[in-house]
Structure formats: C-alpha cells, structure tokens
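Residue numbers for the sequence shown follow my numbering, so the first one is 905 and each next one is one higher.
Just so it is clear, CB atoms sit at the ideal spot from N, CA and C, and this is done for glycine as well.
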Amino acid sequence: MMQTKMIVIRDKQYRDLLREAADILMSGGLVAFPTETVYGLGADALNPQAAKKIYAAKGRPSDNPLIVHIADEEEMGKLAREVPEMAKKLAQAFWPGPMTLVMKKREIVPLETSGGLDTVGIRMPSNEIARSLIRLAKTPIAAPSANTSGRPSPTQAEHVWEDLNGKVNAIIDGGPVGIGLESTIIDVTGSVPMILRPGAITMEMVKEVVGKVELDPTLLGNQEMTQRPKAPGMKYRHYAPKAELFVVEGKNEKVVEKINALIKEAQSKKMRIGLMVSRENRDRYPNHKSIDCVVLGSREDEAEVARHLFATLREFDHQKVDIIYAESFSGEGMAMAVMNRLMKAAGQKKILV
Ligand code: AMP
Ligand code: MG
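Shown next as structure tokens:
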C-alpha cells in the first residue's frame, strides 16, 4: 500500500497543482486524472516499468493494451510508424476529443504499453487538465480507465478513490466527467477504418469525414463469441455490477409491462431491486422501499443516458441491490455506445418482449 494523494482542482488556476503530479509521472509513478470520457490511470507510456504498474494497480490482464494520450498532434508521428491519410483527416476532425486511433507502432512504444501488439492506440483528450498534465510531464501518457479491472469505469474522482486508494501515487479530482463512456476506438491500419469500440464519436460522424467505415463484427452482438474482438479489452467481462442485470427490450408499452411484472416477482422473493429507466417512463413503476429507481435520462437524449450509466451501476453496488432491470435504449447518436456498455454490464442477458 502507498499513500494516495488527492489533488482537488475546482478553478482555472491549477498549473502549480499539476506540477507535483507531472513529477510523479516523470519518475515512473501512477497518477489518475480526469478526461472528458472517463477518469484515466496514467503512467509514462514510454517507460515499460511504469506501464507495468498500471496493470498491477488495476488487476488488468497483461494482453489488454493501454491507450496512449498525447497533447499535441505532432506526437502522433513519433509514436506511429505510419500515419495514414485517413488518420490525419480523423485527427483533424475529432481531436482533441473522444476518439482513439489504432496505428502501427514505432519501437519507442514498449510492448508493455501496447499489450504485446505491434500497434498502438493514440488519443488526444479535450479535457484541459489532462492536456496540461501531459505537457508538463513532457511524455505521452498511457492511460486505461482508472477502475479496478471488471468494475464500471469511473466518471468522478470518488469512484477512482474507491478502487485505487493505496495503489496509485495521486488522484487528480477535476469533478464529474462530461461524456461518461470511453472513447470511440478506430483501427486505421487497414484500407477502410474500422470501429473497434463505439463511443461519442459515432459511425455517422466518422463516415462524414472518411466516406467509408466498418464495424468490428463482434460488436453486432448476438453471435457466439467464435471471433475475437480486435480490441483485446472488448473480450473481457466488463463494467459489471455485483447484482445480476437484465436488459428488457421491445415496444415501450410492453417493456414497462414486463418490468412491472418482474418487479412483482422479485418483491415476492424479498429481493432488493435496482431499476434503470428513462425519464418518460419513471412514473409508471411503483414507488416502494425495496426499489432503487434511477432515471438514466430522456429517451430523446442518449448523451444524458451515457453520462449516468456507470455511476448508476456503482450506486447499485452501494445499495446492495439483488437484481437490476434496465430499459433498453435505441436511437441515433450515442445509442450504440450506450447499448454496447449496457449489454456488457448485463453479460449480454436480454429479455425480449
Ligand atoms: P480502457 O481505456 O480501459 O477502455 O482500455 C483501452 C481499450 O483500448 C481496451 O479495450 C483495448 O483493448 C483498446 N486498445 C488499446 N490499444 C489498442 C490496440 N493497439 N489495438 C486494439 N485495441 C486497443
Ligand atoms: Mg477500461
């Protein structure tokens, strides 16, 4: 165990506060920091010993590569052996922002950082604290989500504290994140860019910029896992709350009816129930002591649902609920990313009505 320092930032005057965190990174230590997607657990990406510490602190399998965070676009060419034209276009369009590009790596990126792969995932975050920290540390920062492996990703500093207190040198508290789901990962090593993990940069947005885009077939779900996802992290059980979670999908009326029936059944077994529902349906479920009902957001606003998803899963752990039912969310924009995380949290368990 080590002493974990909490560095709280609440206004624009934070450069001095970041100095200490940057020193820790430069000397091979671990610092968790806010980004616009989720909190990241950072280490010097070019220092293999430092990168290894990330795996130990998270309990992360060593074949699951880390995303390398940069603060300036020129850094991309120092890490990637080839920067294809489409990568330049995508970087131009979406950096700084919630998009990771997978490219062939240069020697300088250690295998400890790339999870043994000859490619590297690179991202330039839009969060100002994150970019200032990277610049002060004068090195690219490897950072996966700052949670214990398998748990929901952290969207506020308290979540990081819960998982990593005593295991990292410092946590920078920059308040709650804006997006709440991890970055869109796009593999640009082939002739057509391929989305390996959906996020706030949607398929439609990518298509606008580069014309064509493919989806890793393992993202389409429902098929048996005979194929391996191309993003190694996507094969692991993820974001899982302690209770069993079921996603209920179908016409809205039927979904409400089914969840109400499931509530009755669970109550008869004296179970404590967690519900994740839309604002539009909230009042259609009973108000009862044995139910923790959380509104994820409006059915019209997938970004709001995304922002609340992981914190809600953690909250249900605290409330010690026995079973969780979630409405399914479909639609434009971030719906695909929301459903990808929700179905992973559910271990792919869906009730169709
Ligand atoms: P996390 O930031 O915790 O979501 O973890 C990083 C994610 O990025 C994992 O799902 C990795 O599998 C994925 N990733 C990072 N680098 C690569 C790469 N070179 N190729 C494919 N996936 C990657
Ligand atoms: Mg993660």
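Asked                                                                                                        : Found
Classification of E986 by the beta-carbon crowding that lies within 10 angstroms, buried from 16 upward      : exposed
Candidates I1038, L1037, G1001, G981: closest to I1012 by CA position                                        : G981
DSSP bridge partner residues for L945 (one or two, in chain order)                                           : A936
C-alpha gap between V1072 and N1164, whole angstroms                                                         : 43 Å
Close beta carbons around P988, own chain, < 6 Å, minus the five adjacent residues each side                 : V1092
Boundaries (first-last residue) of the beta strand (DSSP E) holding M910                                     : 909-912
V1114 versus A955: straight-line alpha-carbon distance, rounded                                              : 33 Å
For K1158, three-class secondary structure by DSSP                                                           : helix
Boundaries (first-last residue) of the beta strand (DSSP E) holding Y1229                                    : 1227-1231
beta-carbon H973 near the ligand MG non-hydrogen atom, thresh 8 Å                                            : no
Range covered by the alpha helix (DSSP H) that runs through A1215                                            : 1206-1223
As assigned by DSSP and simplified to three states, the class of D1196                                       : strand
Outcome for V1096 when other beta-carbon atoms lying within 10 angstroms are tallied against a minimum of 16 : exposed
Limits of the unbroken beta strand (DSSP E) element including L1179                                          : 1177-1182
Closest residue to I1026 among I1227, A995, P1136, S1194 (Cα-Cα distance)                                    : A995
Supposed close pair S1049, E1086 - CB separation, criterion 8 Å                                              : 6 Å
Beta-carbon proximity list for D1022, same chain, < 7 Å, skipping 5 on both sides                            : K1008, K1009
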